[in-house]
Structure formats: structure tokens, C-alpha cells
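So in the UniProt record's numbering, the last spot in the sequence shown is 541, and the numbers never skip.
Cβ atoms here follow ideal geometry from the backbone N, Cα and C, with glycine treated the same way.
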Amino acid sequence: LSCITARFNLFSNLPFITLTASHSDPSDISSSLKSLSLDGHFSFDDIHKAARDFGNRYQFFPMAILHPKSVLDIAATINHIYRMGRRSELTVAARGHGHSLQGQAQAHQGVVVNMESLRGLEMQIHAGKRPYVDVYGGELWINILHESLKHGFSPKSWTDYLHLTVGGTLSNAGISGQAFRHGPQISNVYQLEVVTGKGEVVNCSKKQNADLFYSVLGGLGQFGIITRARIALEPAPKMVKWIKVLYSDFSIFASDQEHLITTEKTFDYIEGFVLINRTGILNNWRSSFNPKDSLQASQFNSEGRTLYCLEMAKNFNPDETDLMNQEIESFLSQLSYIPSTLFQSEVSYTEFLDRVHLSEIKLRSKGLWEVPHPWLNLLIPKSRIHDFAEEVFGNILTDTSNGPVLIYPLRKSKWNSRTSAVTPGEEIFYLVAFLSSALPSSTGTNGLEHILTQNKRILDFCRTARLGMKQYLPHYTTQEEWRAHFGSRWEAFVQRKSTYDPLAILAPGQRIFQKAV
Ligand code: FAD
């Protein structure tokens with residue numbers, strides 16, 4: 025594996041640095057951790073498990089892993105470290121499912137909290153006018169789906185992949201094809217229980233400790249560890265009609281996507297992806313979908329063109345099939361895709377939501393899941409998406425064989441501006457996700473270096489063309505870049521940090537602040 029072991033001097037220009045000499049001895053620190061009276065325990069000999077993530081490129085070894093059995097275990101540990109103050113360099117990173125890309129859930133010589141040990145405790149589902157489920161911060165979304173379905177409910181807003189934790193996605197935003205309607209996952213939470221950087225356990229919501237509530241949502245783990253969350257539910261459908269159509273003209277594709285996300289009567293899920301030089305893949309995805317008109321479909325030839333696939337889904341129950349088909353006919357009649365490229369399939373709601381897990385199983389069986397993932401996720405304002413597409417899909421990317429390139433529009437009015445999440449300034453902006461996998465030993469176009477160079481070209485273009493792009497799942501190494509990322513909201517972000525985590529103990533792997541020592 026090609027691992028870049030990042031070093032602490034990366035942080036040299038970050039805030040909260042006051043170097044002093046009085047550090048405690050590491051063996052004193054580990055014995056002081058061991059002396060804490062906990063329901064769970066610390067482990068010290070399996071630290072390598074907390075020093076890797078899905079990105080498979082960064083490794084920071086912690087001093088210890090906390091396996092909490094209660095919220096108080098997390099509070100006691102953080103409070104203990106807080107009270108040590110500047111005498112120790114110890115930091116704390118919550119680790120959800122470790123699906124970060126650049127070490128964000130790691131803590132060099134610190135304590136990693138294995139949030140999944142809190143998982144598995146009973147989920148509480150509440151029906152009624154405003155149904156919700158109470159879950160632990162380390163709960164996986166796939167488990168929440170299964171449990172809420174038993175009661176006929178389901179969360180409203182998802183990510184494409186469900187083997188991620190509540191705390192991990194709420195620290196970013198949680199985006200998928202439902203977000204145009206319901207907003208990201210951070211717009212679908214009623215209440216949180218949080219352990220702050222001082223070790224205090226605080227309940228918060230829009231009405232109670234609202235500033236902490238909004239700080240933590242999209243807060244990159246900087247203000248507190250989410251130990252419980254109350255997630256909004258809705259009645260769950262049983263089935264999903266899943267449709268894919270192709271375009272060769274980006275403008276028509278984008279205009280159809282924008283039409284669908286702004287009309288009232290529309291699909292329940294809207295995404296899209298780009299296919300560059302990918303005839304093989306095209307035939308592949310066709311196989312699990314049925315063409316509407318098989319004769320026309322068999323005659324369709326991509327002729328090496330760049331194609332844009334619009335992906336839509338409509339939820340339904342078996343007794344509503346006729347109505348659903350009529351509605352879909354009507355929605356599709358408003359679109360201008362290449363007629364012979366309409367492919368459709370009907371699957372259960374669970375199969376649809378858990379679709380990426382099938383790819384995971386296939387990739388794992390070929391040893392292609394645990395490879396480096398130099399992903400790049402960008403939010404591009406609608407007014408510049410054509411410039412972006414022309415340069416990136418026309419010049420920079422020569423094919424999409426290293427992994428999917430997703431592209432779909434979102435609506436800013438569905439995001440709450442009081443949260444810490446950062447988006448471009450316009451009402452409509454696009455998520456463009458380059459989900460590349462690198463072949464570890466390759467030096468060719470599927471190797472890590474090639475993909476990183478391509479990513480850099482894309483980022484350089486966004487900067488020089490002043491697109492107003494914001495990174496999603498942001499990754500920066502200097503304070504200047506973080507300031508630029510937050511823009512006018514940087515001062516407020518720093519203020520929130522000094523209120524809730526004044527010693528900068530939490531989530532050091534984001535590399536925004538350095539602990540005061
Ligand atoms: P981790 O990687 O464990 O943690 C992420 C960050 O959150 C770290 O800084 C960590 O310290 C902090 N953190 C973790 N738990 C808590 C907590 N309880 N309280 C406070 N902070 C915490 N994202 C989308 O929005 N949409 C998608 O469709 C999507 N698809 C994905 C598909 C795959 C295959 C993968 C690998 C990732 C995808 N992501 C997607 C990104 C994903 O949402 C983030 O990587 C998320 O952080 C992963 O969750 P995790 O539980 O593994 O978090």
C-alpha cells in the first residue's frame with residue numbers, strides 16, 4: 025500500500041499554537057488514562073486499527089483507543105484530558121466507521137474513540153405526527169433503515185452508501201439524491217446529545233442550546249462528539265422504480281436536472297453521472313436494467329462520446345403501481361434525453377438504498393475495496409457549472425475508468441445557514457464527486473500519482489477560473505486554505521471553537537486547529 029505518513033509539522037501555521045516545555049511523559053499519560061473508572065476500557069496494543077481509513081493514504085498512530093460503553097466514558101475521558109490542560113498534547117478523535125479519506129478520524133499520539141462500541145444499544149422509534157428515531161452517534165445508517173422499516177418508517181435523507189455512522193455523516197452534511205427535496209441529513213435532525221471539548225454532556229436542539237446544535241451539524245467534529253441523535257422519519261415505501269436515461273449534450277442534461285429539482289411534482293431521488301470513453305461500462309449497467317424499447321436500445325451506440333446519465337427514482341407501494349407509472353410518464357415527457365436510452369428497473373426500497381453495498385461486496389472479492397481512494401468532492405455554483413463541465417469533462421478527464429463521477433444539483437434553501445456546513449452562494453449548486461480508486465502498484469493512468477495530479481488540475485482550474493467552488497468533505501493543510509474555505513464565516517467558526525473546545529482537543533485529523541500546549 026502506498027501510505028503517506030503525514031507528520032505534525034504540517035500543522036505549523038495553524039492557530040492555537042503556544043509552545044511550552046512542560047509536557048507530561050507518555051507513560052504517565054497512559055497510566056492516568058488507565059486509572060479512569062469507566063464502563064468500557066482503553067486498549068493500547070491494537071492502535072494500528074485506528075490508524076487507517078477508507079482513503080487508505082494517511083496513517084496517524086494514536087496512543088490509545090477508547091471503547092466506550094456509555095456516554096459518561098467519553099465525557100470522563102475528555103474531561104480528564106481537558107483538566108490536564110496544556111501539560112499534555114493529547115487529542116481525541118471520534119471514529120465512526122473510519123470512512124474518511126485523509127485521516128480525519130485519526131489522532132496522532134492521541135485517543136481515538138471507537139464510536140461503534142456505543143452502537144447496538146436499543147434504538148427508540150417514536151410514531152405520531154412527527155415520527156423520529158433516537159440513535160447512538162456510532163450507529164450505522166443501514167441499521168437505522170432496518171430498524172425503522174420494522175415500524176413502517178424510514179429516515180428522509182440519505183447518503184449513497186449506508187455503512188457510515190450517524191456522527192460521521194452529520195459532521196459533514198450527508199448528501200444523496202433525496203437532498204434536493206429534504207435537504208442534507210443535517211437538515212433532518214431534531215435533537216443531539218453532545219460531549220463538548222470540556223467533557224460536558226449537553227442536549228441541544230433548535231430551541232435548547234441552539235448555537236451548539238448548529239455548530240456541531242456540519243462541524244467536522246470540531247465542537248463536540250455526537251453521542252445521540254434524534255433523526256426525522258417518514259412513512260416508508262415498499263418499492264422503488266429506478267430509471268436511467270442518457271444525454272450527449274451537457275446543457276440539456278443540466279437543464280433537465282434543474283427542472284426536476286425545482287418542480288413540485290417530481291421524482292423522489294435525482295442524481296446523475298458522467299461517462300467518458302466508457303463503452304464497456306455502459307453495457308454493464310444496462311444489464312441490470314431493462315430497456316423501455318429493446319430494439320431501439322440495441323441500436324444505440326455511444327461512438328466514444330462523453331455521455332451524461334440522469335438517474336431518477338420514484339418510491340411506490342405495490343397497490344399504487346398504475347398511478348406511479350402514469351406520474352412517471354408525465355415527468356419523463358418533460359425531459360429531452362436520447363429516447364432510445366431509457367432503462368428502468370423495479371427494486372425493493374432497501375435494495376435501492378443499500379445499492380452501493382453490492383458494489384462493495386464485488387470489489388472486496390477482487391481485493392479492490394481496500395485500495396487508496398483519492399476522492400475529490402466539489403460543490404460548484406449553477407452559474408459556473410457549464411465552464412466547469414467544458415474544462416473538466418472536455419479537457420482534464422480523458423476517461424472515467426478510475427471510478428464513478430457523480431454530478432447532481434442541490435438547493436441551498438434546503439440547508440440551514442446556521443449550521444457549520446459550507447456551500448456556494450447560489451440557490452442551486454452541483455455536487456460533483458470524483459470517486460476514484462487507485463491501483464496500488466500502478467504507475468499508469470489508474471495509479472495514485474496520476475489521479476492526484478488530475479485532482480490538482482481540477483482544483484487549480486476552479487481557483488484560477490474563480491468558480492466560487494467549495495469542497496465537500498474538505499481537506500486542507502494550511503490555515504490560509506481553511507480561512508478561504510469558510511470565507512466570511514471563519515471568525516464565527518473560530519469563536520465557536522473557543523467556546524466549545526477551547527484547548528482544541530477534538531478531531532485533530534481535520535487539521536484546522538492545533539491543540540494548545
Ligand atoms: P469517520 O470517518 O469515522 O469520521 C469522520 C469525521 O467525523 C472525523 O473527523 C471524525 O472525528 C468525526 N466524527 C465521527 N463520529 C463522530 C461523532 N459521533 N461525533 C462527532 N464527530 C464525529 N457522504 C455523503 O454525504 N454522501 C454520500 O453519498 C457518501 N457516500 C460515501 C460512500 C462511501 C463508499 C464512502 C467511503 C464515503 C461516502 N461519503 C458520503 C462520505 C462520508 O459521509 C464521510 O466520509 C463520513 O465521514 C463517513 O462516516 P464515518 O462514520 O465513517 O466517519
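Could you pull out every residue in the same chain whose Cβ sits closer than 7 Å to the Cβ of residue i, ignoring the five residues on either side in sequence?
| i | result |
| --- | --- |
| Ile529 | Ile102, Ile105, Tyr106, Thr115, Val116, Gly221, Lys539 |
| Tyr524 | Thr220, Gly221, Leu236, Ser239, Phe247, Gly248 |
| Leu392 | Ser461 |
| Asp292 | Gln202, Ala337, Lys338, Asn339 |
| Ile305 | Confidence at Ile305 is low in this model, with a pLDDT of 47, below 50, so the placement of that residue is unreliable and no value is reported for it. |
| Ile475 | Pro398, Asn426, Ser460, Ala462 |
| Ser36 | Since pLDDT at Ser36 reaches only 35, below the 50 mark, its modelled position is unreliable, and no value is offered. |
| Arg442 | Tyr238 |
| Ala45 | Because the pLDDT at Ala45 is just 34, under 50, the model does not fix this residue reliably, and the value given afterwards should be weighed accordingly. Closer than 7 Å at Cβ, skipping near neighbours: no residue. |
| Arg310 | Confidence at Arg310 is low in this model, with a pLDDT of 45, below 50, so the placement of that residue should be treated as unreliable; the coordinate-derived value is given next. Taken in chain order, the residues that qualify are Phe367. |
| Asp69 | none |
| Thr290 | Leu284, Phe355 |
CB-CB under 8 Å to residue i, same chain, minus the five flanking residues each way: which ones, in chain order?
| i | result |
| --- | --- |
| Ile250 | Ala118, Gly161, Val190, Gly191, Leu194, Ser195, Leu216, Glu217, Val218, Val240 |
| Lys262 | Phe340, Asn341, Pro342, Ser372, Tyr373 |
| Val95 | Leu142, Glu217, Val219, Val225, Thr251, Arg252 |
| Asn440 | Gly207, Ile210, Ser211, Tyr238, Leu241 |
What is the residue span of the alpha helix (DSSP H) that residue i lies within?
| i | result |
| --- | --- |
| Glu473 | 472-488 |
| Asn167 | 165-174 |
| Arg520 | 514-524 |
| Asp280 | 274-286 |
| Thr345 | 345-357 |
| Ile250 | Run containing Ile250: none in the alpha helix (DSSP H); it sits in the beta strand (DSSP E), 248-259. |
| Ser411 | Looking at the sequence provided, one finds Asp at residue 411 rather than Ser. 409-415 is the extent of the alpha helix (DSSP H) around Asp411. |
| Arg81 | Careful: Arg81 lies outside any alpha helix (DSSP H) and carries neither H nor E. |
| Pro50 | 50-58 |
| Glu505 | 503-510 |
| His123 | Unbroken run through His123: none, as it is neither H nor E. |
Check whether the Cβ atoms of residue i and residue j lie closer than 8 Å to each other.
| i | j | result |
| --- | --- | --- |
| Ser124 | Asp77 | yes |
| Ala129 | Gly120 | yes |
| Pro315 | Leu366 | yes |
| Glu344 | Lys265 | no |
| Pro92 | Ile285 | no |
| residue 544 | Ala100 | With the chain covering 25 to 541 only, the question about residue 544 has no answer from this structure. |
| Ile149 | His175 | yes |
| Phe297 | Val213 | no |
| Leu421 | Ile276 | no |
| Gly533 | Gly127 | yes |
| Val137 | Ile98 | yes |
| Phe485 | Glu414 | no |
| Gly492 | Pro363 | no |
| Gln368 | Ile267 | yes |
| Asn80 | Glu394 | yes |
| Pro396 | Pro498 | no |
| Ile255 | Ile168 | yes |
| Glu450 | Ser512 | no |
| Ile452 | Glu282 | yes |
| Leu90 | Val135 | yes |
| Ser272 | Leu331 | yes |
| Glu258 | Lys153 | no |
| Phe204 | Ile294 | yes |
Can you name the residues that DSSP bridges to residue i?
| i | result |
| --- | --- |
| His91 | His65 |
| Val135 | Ala88, Val116 |
| Ile385 | BP columns for Ile385 are empty, so no partner. |
| Ala197 | Beta-bridge pairing links Ala197 to no other residue. |
| Trp266 | Ala337, Ser369 |
| His150 | Tyr156 |
| Ser229 | Gln215 |
| Gly296 | Leu334 |
| Val456 | Leu402, Ile431 |
| Tyr271 | Tyr332 |
| Pro315 | Phe367 |
Excluding five sequence neighbours on each side, which residues of the same chain lie with their C-beta closer than 6 Å to the C-beta of residue i?
| i | result |
| --- | --- |
| Tyr500 | Trp506 |
| Ile41 | Here the model assigns Ile41 a pLDDT of 28, short of 50, so the residue's position is not dependable, and the following value carries that caveat. Answer for Ile41: Gln538, listed in chain order. |
| Ala457 | Asn401, Leu430 |
| Asn227 | Glu217 |
| Met147 | Val157, Val159, Glu171 |
Tell me where the beta strand (DSSP E) around residue i begins and ends.
| i | result |
| --- | --- |
| Met493 | Note, Met493: premise wrong, no beta strand (DSSP E); not H, not E. |
| Ser239 | That residue, Ser239, is in no beta strand (DSSP E); its alpha helix (DSSP H) goes 234-240. |
| Pro498 | Note, Pro498: premise wrong, no beta strand (DSSP E); not H, not E. |
| Ala203 | Looking at the DSSP string, Ala203 is not in any beta strand (DSSP E); the run it does join, the alpha helix (DSSP H), is 203-206. |
| Asn419 | It is not in any beta strand (DSSP E) - Asn419 carries neither H nor E in the DSSP assignment. |
| Ser181 | First-last for Ser181: undefined, no H or E at that position. |
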